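J.: In my numbering, the protein residues as written are 460 to 866.
What follows is a structure written as structure tokens; I'll ask about it next.
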């Protein structure tokens, strides 16, 4: 009897899902019985510029979320979308808002909460867009500066007329679109995110998340722990900028203007007008009402920082050595000094960074062989660009340590 009831329930659920997939979405919004064809035409007219070659939002989402769309076609489509940033920024905003409207409809429908066995049996566009709605919500929740405040709820429940909230949603969707271009399907992407969330992060994961083709400071691992490690860095040079602490942690403590100033220096806004290669990570420190941000210079300038292009006098940028205390093995043996590093993924938000700094300090304090160096304070290293998905980001908090002396 119980088995029969279960079968009836499953059959009824499947029927409801199939029916809902063909019900015009405008019924829930306006009460009108419009056709699916007129819905697509309306989305095209309202959300996309007339001269655009990008398909209407509903069709575009089907193309990007389906496993049947070739990877090359997805990549080309996403490239076309973000090419609007240079040719027509207004068109890009309308395109993203049109896609978000489709995601919002799925987020408020059955595709958002259907059990997994239904999703496996019914690869419908509604269910795929529901997957994207959940990914959007989790991406927004990963940023504690968003209005979700870390909630895992629907991404549509907060006032979309707020310009800042609308910007955050477009930014999160932009991150996901780039991931969809490389994923087999949206459901495969969601499975990947869930699998990563269930297992602990290792340094091997962090190395995979490090951008390819960018120089990064070289180091030797002095002491390898399950959750953290002690490194000895070789010497390198940085372009740094001091400024007021805006109240955040990491790169957010100085705001985007500091980042733009340092990036400008690297890309040619210096007295020699010399363009340099981008590197990683961006190093940030904050304490009290002051904060500091530093870009690693290319290795051509590591041995002789004074040979780097001179910053413009009014920029505030200064050229200096690495922030890790020691720079060569001759100055202090690697067995006596080091940099304790704790890695984490996700967005390096103010709340997360403060939590990770406190965790690193606890780990070092409970360690029998290392102690925090005098006058040392934790700092942050961020390796990825803003468009990297939170589950593929490499972040680290670090602090200078000394070997404990035997008594």
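Built from N, CA and C at the ideal position, the CB exists for glycine as well.
Here the structure is a predicted model, which means the values were calculated and not measured.
DSSP state of residue 608, grouped into three classes?
T.: The residue you call residue 608 lines up with position 149 of the chain shown. Unreliable positioning characterises residue 608 in this predicted model, as indicated by a pLDDT of 39, which lies under 50. The coordinate reading is nonetheless provided below. Three-state DSSP puts residue 608 in coil, outside helix and strand.
J.: What's the C-alpha gap between residue 451 and residue 523?
T.: As displayed, the chain neither begins before 460 nor continues past 866, which places residue 451 out of reach and without an answer.
J.: The beta strand (DSSP E) that contains residue 772, what's its start and end?
T.: In the chain shown, counting from the first residue as 1, residue 772 sits at position 313. Neither: residue 772 is in no beta strand (DSSP E) and is coded neither H nor E.
J.: Since I believe residue 628 is in contact with residue 599 (beta carbons under 8 Å), could you give me their beta-carbon distance rounded to a whole number of angstroms?
T.: Numbered from its first residue, the chain shown carries residue 599 at position 140. Numbered from its first residue, the chain shown carries residue 628 at position 169. That belief holds up - the Cβ atoms of residue 599 and residue 628 are roughly 7 Å apart, short of 8 Å.
J.: With distances taken Cα to Cα, identify the nearest neighbour of residue 664 among 865, 863 and 851.
T.: Translated into positions along the chain shown, residue 664 becomes position 205. Answer by Cα proximity: 851.
J.: Could you give the C-beta distance for residue 744 and residue 838, rounded to a whole number, given that I count them as a contact under 8 Å?
T.: On the chain shown, residue 744 is found 285 positions in, with the first residue counted as 1. On the chain shown, residue 838 is found 379 positions in, with the first residue counted as 1. Indeed they touch by this definition, with Cβ atoms about 4 Å apart.
J.: Comparing alpha-carbon positions, which option in 763, 682, 696 and 774 lies nearest residue 727?
T.: To locate residue 727, count along the chain shown from 1; it is residue 268. It is 774.
J.: Is the beta carbon of residue 823 closer than 9 Å to that of residue 860?
T.: Here residue 860 corresponds to residue number 401 of the chain shown, with the count starting at 1. Here residue 823 corresponds to residue number 364 of the chain shown, with the count starting at 1. Yes. Within cutoff.
J.: Measure how close the beta-carbons of residue 595 and residue 645 come, nearest whole angstrom, since I'm counting them as under 8 Å.
T.: Sequence index remark: in the chain shown, residue 595 carries index 136 (1-based). Sequence index remark: in the chain shown, residue 645 carries index 186 (1-based). Residue 595 to residue 645, Cβ: 11 Å. No contact.
J.: Please go through the same chain and pick out, in chain order, the residues whose beta-carbon is closer than 6 Å to the beta-carbon of residue 679, but skip the five residues on each side of it.
T.: Numbered from 1 along the chain shown, position 220 holds the residue referred to as residue 679. Cβ within range, chain order: 691.
J.: Where do the ends of the alpha helix (DSSP H) carrying residue 517 lie?
T.: Numbered from 1 along the chain shown, position 58 holds the residue referred to as residue 517. Taken as a continuous stretch (DSSP letters only), the alpha helix (DSSP H) holding residue 517 covers 516–524.
J.: For residue 829, tell me which candidate among 742, 694 and 689 has the shortest Cα-Cα distance.
T.: If you number the chain shown from 1, residue 829 lands on position 370. Per the Cα distances, 689.
J.: Decide if the segment 768–782 is in contact with the segment 719–726; the criterion is three or more beta carbon pairs, one per stretch, under 8 Å apart.
T.: Cβ pair count under 8 Å is three or more, so yes.
J.: Looking at residue 818 and residue 840, is the spacing between their C-beta atoms short of 9 Å?
T.: The residue you call residue 840 lines up with position 381 of the chain shown. The residue you call residue 818 lines up with position 359 of the chain shown. No, these two residues do not count as a Cβ contact at 9 Å.
J.: If we count the other Cβ atoms within 10 Å of its Cβ and call it buried at 16 or more, is residue 558 buried or exposed?
T.: Taking the first residue of the chain shown as 1, we reach residue 558 at position 99. So residue 558 counts as buried.
J.: If you check the beta carbons only, do residue 782 and residue 697 fall under 9 Å apart?
T.: On the chain shown, position 323 is the one that residue 782 refers to. On the chain shown, position 238 is the one that residue 697 refers to. For residue 782 and residue 697, yes; Cβs fall inside 9 Å.
J.: Would you call the CB atoms of residue 853 and residue 554 closer than 9 Å?
T.: The count along the chain shown starts at 1 and reaches residue 853 at position 394. The count along the chain shown starts at 1 and reaches residue 554 at position 95. No.
J.: Indicate whether at least one CB of chain C lies closer than 9 Å to the CB of residue 561.
T.: As a matter of chain content, chain C is missing from the structure shown, which is built from one protein chain.
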